[in-house]
Amino acid sequence: MFAADARKHTPGKNAEKENFSMRILVCDDDAAFAGQLAEKIEAIVKPQMPRSTVDCATDAAQLRALPLAKYDLAFLDIDMGPLNGVDLARRLHELRPDMLLIFVTNYVEYSLQGYEVQAFRYLLKAEMPQKLERYVQQALTAYRKTRDTVRIFCDGEDVELQPQQILYAEMSARKVCLHLQGADRALLYTTATMADLADLLENHGFVRTHKSVLVNMEHIRDLQSTRLYLRDGTELPVSSHTASAVRKIYTQWRSAKKWVIG
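Residues in the sequence shown are numbered consecutively from 1, following UniProt numbering.
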């Protein structure tokens, strides 16, 4: 039965919600500016998420010493001398596809590059006093949405998962196999139907590309007419009967995530 196999769980205003925290990175080759920006961000975030941390990096050596894959939100200058902020953004998204990126720069002409790496926001330094708090609050809202969980009955037990943990689901014999992201690429098997999982996950950025496949759009690298490729190189089928609808859903999802030039 669906209610027993897969259901949504959204944390309420309890201890779990209050314990939310973010790891935030500020990267700018101007150490004084980076420090000031970090202080402003802390002043906005800490009252809501007291356990959050903000780290600063001003060069490649400092970045190498940090656990980059663990950051939830990063503020990046695009032009940092020998360190290219766009290349860094690509690297961060390789390590953590759901990391929120906000470019902070003096130059609006870099906006196209920010779009290419799916930046969350683009903030001009001259407009920081007017827009920093708004963009940070928007980032917090987006982050909270990723903390929602779903409960799916897998392998004989009720498992609570964050939707972004799931790369894709596919039919395997008479069960559905969930492929999870992470170094071990864990697999979970559920007796929930593909239709039930699609209903459960459609509001979390999933699209059914084939009767036997459900994909997390966050991880799509390339969508073609009969197949798609995930960021890790996995190839999955796209049904010819639904290709147009899948393309439309994916385009609308990308547009909804479109970042703002500040």
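Glycine included, every Cβ here is placed at the ideal spot set by N, Cα and C.
Predicted model, so just to flag it, every value in this text is computed and none were measured.
Legend entry - Range of the contiguous alpha helix (DSSP H) that encloses SER239: That residue, SER239, is in no alpha helix (DSSP H); it is neither H nor E in DSSP.
Inset, instruction - Kindly indicate the opening and closing residues of the beta strand (DSSP E) around VAL176. - result: Where VAL176 is concerned, the enclosing beta strand (DSSP E) stretches over 175-180.
Legend entry - Secondary structure of THR141, DSSP reduced to three states: helix
Inset, instruction - Report yes or no: do three or more beta-carbon pairs, one from the stretch 51-58 and one from the stretch 19-36, lie closer than 8 Å? - result: Proximity of the stretch 51-58 to the stretch 19-36 meets the contact definition, three or more beta-carbon pairs being nearer than 8 Å.
Inset, instruction - Let me know if LEU83 comes out buried or exposed under the rule of 16 or more other beta-carbons within 10 Å of its beta-carbon. - result: Taking a 10 Å sphere around the C-beta of LEU83, we find 16 or more other C-beta atoms and assign the residue as buried.
Inset, instruction - Please go through the same chain and pick out, in chain order, the residues whose beta-carbon is closer than 6 Å to the beta-carbon of CYS177, but skip the five residues on each side of it. - result: GLU170, LEU187 and TYR189
Inset, instruction - In the DSSP assignment, find the alpha helix (DSSP H) that holds ARG64 and state where it starts and stops. - result: 60-64
Legend entry - Within 7 Å, strictly: CB atoms of VAL45 and PHE75: no
Legend entry - ALA3 versus VAL150: straight-line alpha-carbon distance, rounded: Confidence in ALA3 is poor, its pLDDT being 35 and thus under 50, which makes the residue's placement unreliable; the coordinate value appears in the next sentence. If I take the Cα positions, the gap works out to 12 Å.
Legend entry - Buried or exposed (CB count within 10 angstroms, at least 16 for buried), GLN62: exposed
Legend entry - Boundaries (first-last residue) of the alpha helix (DSSP H) holding GLU218: Note, GLU218: premise wrong, no alpha helix (DSSP H); not H, not E.
Inset, instruction - Assign HIS241 to one of two classes, buried (16 or more other C-beta atoms within 10 Å of its C-beta) or exposed (fewer than that). - result: exposed
Legend entry - 8 Å CB neighbourhood of TRP253 in its chain, flanking five on each side removed: Listed in chain order, the non-local C-beta contacts of TRP253 below 8 Å within the same chain comprise GLY205, VAL207 and MET217, local neighbours out to five positions each way being set aside.
Legend entry - Cutoff 6 Å; reference GLN162; Cβ partners in own chain excluding five residues on either side: THR149
Legend entry - Under the three-state DSSP convention, the category ASN84 falls into: strand
Legend entry - Span separating the alpha-carbon of ILE220 from that of LEU228: 7 Å
Legend entry - Environment of THR209 [buried if 16+ CB atoms lie within 10 Å]: buried
Inset, instruction - Have a look at the DSSP bridge pairing and note the partners of HIS210. - result: Paired residue(s): VAL213.
Inset, instruction - Pick helix, strand or coil for THR146, following the three-state DSSP scheme. - result: helix
Legend entry - Beta-carbon spacing of SER225, ALA243 below 7 Å: yes
Legend entry - PRO50 versus MET22 - alpha carbon distance: 9 Å
Inset, instruction - Enumerate in chain order the residues of its own chain whose CB-to-CB distance from GLU42 is below 7 Å, with the five nearest sequence positions on each side excluded. - result: VAL54
Legend entry - Cut-off 7 Å between Cβ atoms - residues of its own chain near ARG231, not counting five sequence neighbours on either side: PRO97, HIS219 and ARG221
Inset, instruction - Could you tell me if ALA173 is buried or exposed, where buried requires 16 or more neighbouring beta carbons within 10 angstroms of its beta carbon? - result: exposed
Inset, instruction - Identify whether THR105 lies in helix, strand or coil by the three-state DSSP scheme. - result: strand
Legend entry - Simplified DSSP assignment, three categories, for LYS17: Residue confidence for LYS17 is low, a pLDDT of 43 falling below 50, so the modelled location carries little weight and cannot support an answer.
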